[in-house]
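Have a look at the structure below, then the notes.
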Amino acid sequence: MSYAILYLNAQRFTDEENRTLQELRCGALAPAFGLDLGRSVIVDERDEHPWTLQEALRTGPAAIVTYSLAHIDYRPQEILTTCNLLVVKPQGWYHKGHTGFIAGMSMAPTSD
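Here it is in structure tokens:
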């Protein structure tokens with residue numbers, strides 16, 4: 083199995099979809115894609131030295147697994163330049179270099 087990082091943001095936990103539930107769902111889906119969750123990163127603004135998405139990517143995972151795009155602040159482009167992305171809700175598996183649509187988000191460059 084390939085090494086992956088579970089990446090969640092504590093501000094995105096709710097009473098209905100709490101940390102435990104989100105971690106369980108991510109952990110249950112990851113093996114179906116050949117991923118072994120080697121580390122969990124829970125971003126919490128109360129943490130004195132929180133991990134950033136860039137720090138997680140520097141560890142060299144094959145993929146980042148997250149519960150929703152909100153957990154990665156709707157920044158899939160940063161992940162997909164480095165590794166694969168697995169999103170649990172809505173479910174999606176995106177390979178490194180993906181430039182198509184992600185949950186309705188256009189990954190194509192825009193001309194401003």
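All residue numbers for the sequence shown refer to the numbering used here, where the first residue is 83 and numbers rise by one.
Where is the CB? At the ideal position from N, CA and C, for every residue including glycine.
Three-state class that DSSP yields for Arg121 in the structure shown: strand
On the DSSP bridge assignment, give the partners of Ala145 in chain order. Ala86, Asn166
Hey, out of Gln173, Ala92, Thr163, whose CA is closest to Glu127's CA? Ala92
Using CA atoms only, rank isn't needed, just tell me which of Thr181, Ala144, Phe95, Asp155 is closest to Leu168. Ranking Thr181, Ala144, Phe95, Asp155 by Cα distance to Leu168 puts Ala144 first.
Between which two residues does the beta strand (DSSP E) carrying Gly174 extend? Run containing Gly174: 174-176, per the beta strand (DSSP E) assignment.
Please confirm whether Leu117 and Ala138 have their CB atoms less than 7 Å apart. no
Between which residues of its own chain and Tyr149 is the CB-CB distance below 8 Å, once the five residues before and five after are set aside? Setting aside the 5 residues that flank it on each side, Tyr149 is surrounded in the same chain by Leu90, Arg94, Glu99, Gln104, Arg107, Cys108, Val169, Val170, Lys171, each with a C-beta closer than 8 Å to its C-beta; the list follows chain order.
Out of Glu130, His153, Arg121, point me to the one whose CA is closest to Arg140's CA. Scanning Glu130, His153, Arg121 for the CA closest to the CA of Arg140 turns up Arg121.
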